[in-house]
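Chemist:
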Amino acid sequence: MSTDIEHVEHAAQPQVASLGEQMEYARALAASTILPPAFQRQPANVLIAMEEARTLDESPWTIMQEMAVISGKPSFSAKFMRTRVRKAGHLLRESFEDGVARCVIIRADDPEFEHVAEWDRAKAEKHGLWGKGHWVKNPQLMLSNRALSECVREACYEVMGGVGYTPDEVADFAEPVRPANVTVSEHRDDRPDWGVILNAMKATGATQQQVLDVASRILGRQVATLGGLTQAELDATASALLADHIEDANDEPLVDAEVVDEATGEVQQ
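FYI, the numbering for the sequence shown is 6 to 274, going by the working numbering.
(1) Looking only at its own chain, which residues have a Cβ that is under 7 Å from the Cβ of L97, when we skip the five neighbours before and after it?
(2) Report all residues from its chain with a CB closer than 7 Å to the CB of V201; omit the five preceding and five following residues, and keep chain order.
(3) Can you check which of these residues, Q214, Q236, A237, is closest to Q227 by C-alpha distance?
(4) Just verifying my parser: in three-state terms, what is the DSSP assignment at A106?
(5) Provide the residue(s) that pair with H120 in DSSP beta bridges, ordered along the chain.
(6) Buried or exposed: where does S76 fall if 16 or more other Cβ atoms within 10 Å of its Cβ makes it buried?
(7) In the DSSP assignment, find the beta strand (DSSP E) that holds V74 and state where it starts and stops.
(8) Could you tell me the alpha carbon to alpha carbon distance between S80 and M147, rounded to whole angstroms?
(9) Measure the C-alpha to C-alpha separation of M69 and C161 and round it to an integer number of angstroms.
(10) For G133 and W140, what's the separation of their Cα atoms in angstroms?
(11) In terms of residue numbering, what span does the beta strand (DSSP E) encompassing P42 cover?
(12) Going by beta carbon distance, what residues of the same chain come within less than 6 Å of R158, once the five residues before and after it are set aside?
(13) In angstroms with no decimal places, state the Cα-to-Cα distance between D62 and A106.
What follows is the structure in structure tokens.
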């Protein structure tokens with residue numbers, strides 16, 4: 006009797022024959038409450054994630070877990086970028102010395118050339134980043150992630166399937182979500198779904214005040230209560246909350262995170 010183990014290839018996702026079948030599958034996934042907020046009850050978003058999964062030969066679950074959507078713009082986590090570079094067979098080298106984060110990528114098809122990107126405090130200050138948010142909590146990680154994503158875009162952008170920025174980068178340049186122009190009666194007839202915020206809070210351990218802080222940052226105005234936010238604003242806040250959590254190097258719960266005074270740059274406990 007043979008003891009050989011038969012190797013069976015498992016497809017990353019079900020092979021479907023038509024757009025209708027793909028949409029049916031996407032609707033089934035979108036009904037799940039364990040998906041990130043950007044994909045819950047959003048079968049069209051799930052369909053895009055499925056297409057990205059096929060492009061990158063990954064599972065839809067992996068794509069949806071590693072992708073953060075901020076103000077309608079998709080981004081991938083830095084750790085997923087590292088995985089994609091290595092999976093493509095390229096050599097990735099990262100270092101941090103004397104305050105300088107350095108990323109080197111040597112392509113598998115061009116081993117004689119080094120693509121290099123460097124980030125330090127001066128560069129971060131030039132971009133108006135130093136002393137804000139996670140740059141206060143873990144500047145080394147933020148510098149390293151910036152060097153990585155910059156190098157990936159220059160050396161092997163194709164490995165990211167068209168998504169070449171991290172959540173932190175997208176949060177810097179994405180336009181804030183503006184309030185929808187709706188009347189009081191329309192707002193009452195279309196009450197927002199609080200599930201996206203509640204799920205994001207459970208996933209990150211964030212307090213209500215931290216949610217308000219995130220909402221204020223991405224919406225470009227002071228948010229004192231979540232009661233007046235539209236569904237689009239709640240979705241954007243939940244996505245940004247999860248993106249912040251992804252960028253937390255130590256995976257510490259957000260309830261222990263510092264609050265940074267944007268005016269002075271001081272950290273408040």
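Backbone N, C-alpha and C define an ideal beta-carbon position, used for all residues, glycine too.
Modeler: Taking the definition as stated:
(1) The residue given as residue 97 occupies position 92 in the sequence shown. The answer, listed in chain order, is R87, V90, R91, I110.
(2) Start at 1 with the first residue of the sequence shown, and residue 201 comes out as number 196. Once the five neighbours on either side are set aside, the close Cβ partners of V201 are P42, Q45, L239, D240, A243.
(3) For the purposes of this step, residue 227 is identified with residue 222 of the sequence shown, where counting begins at 1. Ranking the options by Cα distance to Q227, first place goes to Q214.
(4) As a first step, residue 106 must be located in the sequence shown, where it is residue number 101. Three-state result, A106: strand.
(5) Within the sequence shown, the letter at position 115 stands for residue 120. Its beta-bridge partners are I110.
(6) The residue given as residue 76 occupies position 71 in the sequence shown. Its Cβ being crowded by 16 or more others within 10 Å, S76 is buried.
(7) Position 69 of the sequence shown holds residue 74. 72-75 is the span of the beta strand (DSSP E), which, as asked, contains V74.
(8) Taking the sequence shown and counting its residues from 1, the one referred to as residue 80 is at position 75. Taking the sequence shown and counting its residues from 1, the one referred to as residue 147 is at position 142. Going from the Cα of S80 to the Cα of M147 covers about 15 Å.
(9) Within the sequence shown, residue 69 is the residue found at index 64, counting from 1. Within the sequence shown, residue 161 is the residue found at index 156, counting from 1. Distance between the alpha carbons of M69 and C161: 22 Å.
(10) Counting from 1 along the sequence shown, the entry for residue 133 is found at position 128. Counting from 1 along the sequence shown, the entry for residue 140 is found at position 135. Here the alpha carbon of G133 sits roughly 11 Å from the alpha carbon of W140.
(11) Here residue 42 refers to the residue found at position 37 of the sequence shown. Looking at the DSSP string, P42 is not in any beta strand (DSSP E), and its letter there is neither H nor E.
(12) Reading the sequence shown from its first residue, position 153 is the one you call residue 158. Correct list, in chain order: G169.
(13) Translated into the one-based positions of the sequence shown, residue 62 becomes position 57. Translated into the one-based positions of the sequence shown, residue 106 becomes position 101. Those two C-alpha atoms are separated by around 30 Å.
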